[in-house]
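Q:
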């Protein structure tokens, strides 16, 4: 006889009645959907339970679908904050941050080719094996730069395998540049010692910088180099020649027709025969004179003013040049200028005449000669510096149709119209870019003529950097400070000012406290000064008790830095100033200072926009925050 079927197992309500947060939340949601929220919850029928698997999450109603049907949550009892469930990304695996960190890798840095490298290549390449992200981000940074001296120990197959990643190639001594198949270079330094140098230049048409170095025994540039650059260097912006003789019949057509994006031309120890330049001018005629309109900056070094050099004629063909640099000039001609040699003066006068006549857009001049042992720097006369300043001191007048507008400079450097004749319309000069002038030079002393020439650019001069020769004459030092004070009280839009003495080893013999008083006689008019640097000033007041640095526990860090600055300047009573600023007794405490200290403190406190202050070799950043306290 068959046994009776067993009754089906039923779920005990006691088990289901146990509190469960997810089930209780779902139970309340179903009850609210089944009946009106305003009705009593005690009259609702009991929910039916089943042992079927739960409904997938994709089929459940979302919060957006049932929005508006749920009871409103009172504002006085907001739900508790729940942190996000997603884990934050590891910064070491974010490509942007990893690339930023990768720029600080020392790469292939060797102190000497014969010594052990500071950073082993095997350690450097090992970091690219962490994961795929590290490989994709760090591999281009590791192989971005190649130097033939510091990386000569790397096996050739390794370099050949990573050659497509090289962007900067310094190959002045290698003979296998083409063997590496570098076709993605952006910067290239080459010399005649590289085999097939013309092919290497021709295969890298994305070059932005090209530097050519010629040895002393072979100064000629091969014709293959000019042919490669004429093949299509449309992105080249910087071109440099060092230690070579250039043929103007090859150089001038290249600059005029084949390098449209060239902005900077650098010539060091370069010689161009002026006779050949005159022959070209005679053949072309005045109407066919070459014109390099794309060049904005020319840097010339040794040999610029030698007899028979045609570099001076190159300046005449750059009408849009804005910056002219003369640096590292230590030839004997520089010393003969001071004594009045006719040949040297004639050559220099020709250069200045060409700058003032053929370069109307010139805004910046830099004259940094090299220091010659036991002879001093190669300095010029005051008249030459004045003429150089006059080359950049231009005040153009704008003429549009029948309307003539005389322009001047606003305190912010923008061109404003002062006098306008409204005959054909109204003028608007806001679209004109601001005129920014800068002057950098090494000189024996800051004399009166040069100072007046700089002061004439009241509304356009933004930067002045002067490096004077060391002098023990107190009267000359006082004259230098007086002229510097005149510049600070005349140039309204001055942003950077530097007055330093060359090779100063003893500050006490440069400027005493009485002499330094000339720098703070009257208030400076350049309230927007951002960078100020001066050295050779003796400490204003001798601190007999030594520096007394305050404790950082009692004083704020800003006041501690201000105390360090004043102690450096020689203010022995700097703690009284700090206590006055902190305790609100400024009037009482400042009476204890002498006149010189008051002037210096007052001048420094007025520089609200100063970002960098250098005083006697000590640099203080964000000084405007100190003066605002």
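In our numbering, the protein residues as written are 933 to 1561. Every residue gets a Cβ at the ideal spot worked out from N, C-alpha and C, and that includes glycine.
Do residue 1384 and residue 1318 have their beta-carbon atoms positioned less than 9 Å apart in this structure?
A: For residue 1318 and residue 1384, yes; Cβs fall inside 9 Å.
Q: Among 1457, 1064, 1078, 1466, which has the Cα closest to the Cα of residue 1540?
A: For residue 1540, the nearest C-alpha among the options comes from 1457.
Q: Name the residue from 1224, 1244, 1311 whose alpha carbon lies nearest to the alpha carbon of residue 1260.
A: Checked all of 1224, 1244, 1311; the closest Cα to residue 1260 is 1311.
Q: Among 1283, 1147, 1202, 1150, which has the Cα closest to the Cα of residue 1171?
A: Considering only alpha carbons, the answer is 1202.
Q: Output needed for residue 1313: all residues of its chain with C-beta closer than 6 Å, excluding positions within five of it in sequence on either side, in chain order.
A: Excluding sequence neighbours, residue 1313 sits near nothing in its chain.
Q: Ordered along the chain, which non-local residues of its own chain (more than five positions away) have a Cβ less than 7 Å from that of residue 1294?
A: Contacts found: 1253, 1254, 1256, 1287, 1323, 1324.
Q: List the residues that DSSP assigns as beta-bridge partners of residue 1563.
A: Residue 1563 cannot be examined here, being either before or after the span of the chain that is shown, 933 to 1561.
Q: Under the assumption that residue 1248 contacts residue 1198 (Cβ atoms under 8 Å), give the Cβ distance between them as a whole number of angstroms.
A: Not really, about 18 Å apart at Cβ, beyond 8 Å.
Q: Would you call the CB atoms of residue 1283 and residue 1244 closer than 9 Å?
A: Going by C-beta atoms, residue 1283 is nearer than 9 Å to residue 1244.
Q: Output needed for residue 1135: all residues of its chain with C-beta closer than 6 Å, excluding positions within five of it in sequence on either side, in chain order.
A: Correct list, in chain order: 1115.
Q: Count the other C-beta atoms from every protein chain shown that fall within 10 angstroms of the C-beta of residue 1545, then say buried if there are 16 or more, exposed otherwise.
A: The residue in question, residue 1545, is buried, as its Cβ has 16 or more Cβ neighbours within 10 Å.
Q: Excluding sequence positions up to five away, which residues of its chain have a Cβ less than 6 Å from the Cβ of residue 1164?
A: Contacts found: 1137.
Q: Skipping 5 residues on each side, what residues in its chain have a beta carbon closer than 7 Å to that of residue 1027?
A: So the qualifying residues of the chain are 1065, 1069.
Q: Since residue 1133 contacts residue 1118 with CB under 8 Å, what's their CB separation in whole angstroms?
A: Wrong, their Cβ atoms sit about 13 Å apart, outside the cutoff.
Q: Using the three-state DSSP reduction, which class does residue 1146 fall into: helix, strand or coil?
A: Of the three classes helix, strand and coil, the one that applies to residue 1146 here is coil, per DSSP.
Q: Per DSSP, which residues does residue 1466 bridge with? Please list them.
A: Note: residue 1466 sits in a beta bridge opposite 1431, 1547.
Q: What does the alpha-carbon distance come out to for the pair residue 1462 and residue 1175?
A: Distance between the alpha carbons of residue 1462 and residue 1175 is about 39 Å.
Q: Just the Cα atoms here: how many angstroms apart are residue 987 and residue 1060?
A: With a pLDDT of 45 at residue 987, under the threshold of 50, the modelled position of that residue is not reliable, and the figure given next carries that caveat. Using only the alpha carbons, I get a separation of about 47 Å.
Q: Please name the residue in 1139, 1372, 1414 whose C-alpha comes closest to that of residue 1397.
A: Among 1139, 1372, 1414, the Cα nearest to that of residue 1397 is on 1372.
Q: What do you reckon, are the CB atoms on residue 1370 and residue 1395 nearer than 9 Å?
A: Yes; because the gap between Cβ atoms is below 9 Å, this pair is in contact.
Q: Report buried or exposed for residue 1425, applying the criterion of at least 16 other Cβ atoms within 10 angstroms of its Cβ.
A: Label assigned to residue 1425: buried.
Q: What does the Cβ neighbour count give for residue 1149, buried or exposed, with the cut at 16 atoms within 10 Å?
A: Under this definition residue 1149 is an exposed residue.
Q: Have a look at the DSSP bridge pairing and note the partners of residue 1102.
A: According to DSSP, which records beta bridges pairwise, residue 1102 is partnered with 1079, 1121.
Q: My assumption, with CB atoms under 8 Å, is that residue 1431 sits in contact with residue 1416. Please give the rounded CB distance.
A: Correct: roughly 5 Å between the Cβ atoms.
Q: Taking a contact to mean a Cβ-Cβ separation below 9 Å, would you say residue 1200 touches residue 1224 in this structure?
A: Not in contact: residue 1200 and residue 1224 (Cβ atoms no closer than 9 Å).
Q: Quick one: grab the DSSP three-state call for residue 1231.
A: Looking at residue 1231 - three-state DSSP - the assignment turns out to be strand.
Q: Determine the burial state of residue 1374: buried for a count of at least 16 other Cβ atoms within 10 Å of its Cβ, exposed for fewer.
A: Classification of residue 1374: buried, given that the 10 Å Cβ count is 16 or more.
Q: Along the chain, where does the beta strand (DSSP E) containing residue 1245 start, and where does it finish?
A: Careful: residue 1245 lies outside any beta strand (DSSP E), inside the alpha helix (DSSP H) at 1243 to 1246.
Q: For residue 1391, which of 1033, 1460, 1376 has the nearest alpha-carbon?
A: Closest option to residue 1391, Cα to Cα, is 1460.
Q: What number of angstroms, rounded off, separates the C-alpha of residue 1405 from the C-alpha of residue 1543?
A: If I take the Cα positions, the gap works out to 33 Å.
Q: Helix or strand or just coil, what does DSSP make of residue 1316?
A: Residue state, collapsed to three classes: helix.
Q: Determine the burial state of residue 1063: buried for a count of at least 16 other Cβ atoms within 10 Å of its Cβ, exposed for fewer.
A: Exposed, since its Cβ has fewer than 16 Cβ neighbours within 10 Å.
Q: Check each candidate in 1029, 1151, 1139 and name the one with the smallest Cα separation from residue 1125.
A: The residue with the shortest Cα to Cα distance from residue 1125 is 1151.
Q: Over the uninterrupted alpha helix (DSSP H) stretch that includes residue 1408, give me the two end residues.
A: Note, residue 1408: alpha helix (DSSP H), 1406 to 1420.
Q: Determine the direct distance from the alpha carbon of residue 1419 to that of residue 1467, and round the result to whole angstroms.
A: If I take the Cα positions, the gap works out to 17 Å.
Q: Would you kindly check if the distance between the Cβ of residue 1246 and the Cβ of residue 1204 is under 9 Å?
A: For residue 1204 and residue 1246, yes; Cβs fall inside 9 Å.
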